[in-house]
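First comes the structure, then the notes that go with it.
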Amino acid sequence: MFCSVYNLFITFLVSNLMRSSLYVLANLENEFKHVTCGSAVKLLNPYHRVRLHSHEVKYGSGSGQQSVTGVGNQDDINSLWIVKGKTGMPCRRGNAVKCGSTIRLVHQTTKRFLHSHLFQSPLSNNQEVSAFGENGVGDDGDHWSVICTSKYWNRDDKVRFKHTLTKKYLHISGDTFGRPISGQSEISAYTHTEPGNEWQSMEGVYIQANSDK
7 MFCSVYNLFI
17 TFLVSNLMRS
27 SLYVLANLEN
37 EFKHVTCGSA
47 VKLLNPYHRV
57 RLHSHEVKYG
67 SGSGQQSVTG
77 VGNQDDINSL
87 WIVKGKTGMP
97 CRRGNAVKCG
107 STIRLVHQTT
117 KRFLHSHLFQ
127 SPLSNNQEVS
137 AFGENGVGDD
147 GDHWSVICTS
157 KYWNRDDKVR
167 FKHTLTKKYL
177 HISGDTFGRP
187 ISGQSEISAY
197 THTEPGNEWQ
207 SMEGVYIQAN
217 SDK
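When we follow the numbering used here, the leftmost residue of the sequence shown carries the number 7, and every step to the right adds one.
Here it is as structure tokens:
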């Protein structure tokens with residue numbers, strides 16, 4: 007009799023713990039479903055399987071600014087980008103990024119902004135993308151619109167980043183560099199939508215979404 011009661015108690019306890027765990031997991035999935043302001047994320051182009059990257063290497067042509075490339079190594083710390091609001095319009099830490107909103111992406115290591123302008127990119131002759139700015143100060147060329155189909159930028163979604171000044175998309179052409187950054191992919195801005203300008207958030211440090219978004 008005692009064994010039967012004990013077994014029933016254990017079954018009841020395990021069942022409740024499982025329900026509780028599933029509830030916690032569901033809440034965690036919901037809380038971290040969106041990309042939020044202040045998060046440091048790696049951005050993957052699923053078609054080419056490379057992550058958006060930068061480093062202290064300058065272009066030898068065009069603007070001569072810090073180069074932005076794509077790399078296949080998912081562990082490279084130089085592929086982390088911090089999500090910020092547009093200049094003069096701070097995005098509160100933990101606010102989910104709305105589709106259609108304008109953001110800046112700050113390179114975690116060098117603190118420069120993902121940037122574009124009317125210089126030609128070195129390999130494909132598309133529009134150059136660089137990392138620009140000093141001490142947290144850049145310009146309007148750092149602004150990108152988040153193009154997606156949901157209300158918010160969801161971590162699992164493929165999105166595009168449209169440069170607000172030139173209306174071109176953050177893009178991988180498929181061209182690769184030689185030395186000193188051998189094998190790294192050229193990042194440019196391109197007029198037309200295609201798989202080379204789709205991006206998905208991957209590894210990173212995600213800030214929990216505010217309850218009021």
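Backbone N, C-alpha and C define an ideal beta-carbon position, used for all residues, glycine too. Only a predicted model underlies this, so the values are computations on that prediction, with no experimental measurement involved.
(request) Verify whether the separation of the beta carbon atoms of I213 and R99 is less than 7 Å. (result) The residue you call residue 213 lines up with position 207 of the sequence shown. The residue you call residue 99 lines up with position 93 of the sequence shown. Contact flag set, yes.
(request) Give every residue of the same chain whose Cβ lies closer than 6 Å to the Cβ of A102, excluding the five residues on either side of it in the sequence, and list them in chain order. (result) Within the sequence shown, numbered from 1, the residue matching residue 102 stands at position 96. So the qualifying residues of the chain are H40, T42, Y158, A215 and K219.
(request) Enumerate in chain order the residues of its own chain whose CB-to-CB distance from V211 is below 7 Å, with the five nearest sequence positions on each side excluded. (result) For the purposes of this step, residue 211 is taken as the residue at position 205 of the sequence shown. Excluding positions up to five away in sequence, the list reads S45 and A46.
(message) Closer than 8 Å is the cut-off here; do at least three beta carbon pairs connect the region 180-189 with the region 103-114?
(response) no
(message) Check whether the region 137-149 and the region 191-210 are in contact - that is, three or more C-beta pairs closer than 8 Å.
(response) At 8 Å Cβ cutoff, the stretches do not touch.
(request) Helix, strand or coil for S188, going by three-state DSSP, please let me know. (result) The residue labelled residue 188 in the question sits at position 182 within the sequence shown. Here S188 sits in coil by DSSP.
(request) Grab the span of the beta strand (DSSP E) containing N131 for me, first residue to last. (result) Here residue 131 refers to the residue found at position 125 of the sequence shown. Note, N131: premise wrong, no beta strand (DSSP E); not H, not E.
(request) Report yes if the C-beta distance between K48 and S73 is below 7 Å; otherwise report no. (result) As a first step, residue 48 is located in the sequence shown; it is residue number 42 there, counting from the start. As a first step, residue 73 is located in the sequence shown; it is residue number 67 there, counting from the start. No, these two residues do not count as a Cβ contact at 7 Å.
(request) Taking only the alpha-carbon atoms, compute the straight-line gap between G91 and K104 and give it to the nearest angstrom. (result) On the sequence shown, residue 91 is found 85 positions in, with the first residue counted as 1. On the sequence shown, residue 104 is found 98 positions in, with the first residue counted as 1. Computed Cα separation, rounded: 11 Å.
(request) Would you identify the three-state DSSP class for G180, choosing helix, strand or coil? (result) For the purposes of this step, residue 180 is identified with residue 174 of the sequence shown, where counting begins at 1. G180 falls in the strand class under three-state DSSP.
(message) Between the alpha carbons of A32 and E192, how many angstroms are there, rounded?
(response) Along the sequence shown, read from residue 1 onward, the residue named residue 32 stands at position 26. Along the sequence shown, read from residue 1 onward, the residue named residue 192 stands at position 186. Confidence in A32 is poor, its pLDDT being 33 and thus under 50, which makes the residue's placement too unreliable to answer from.
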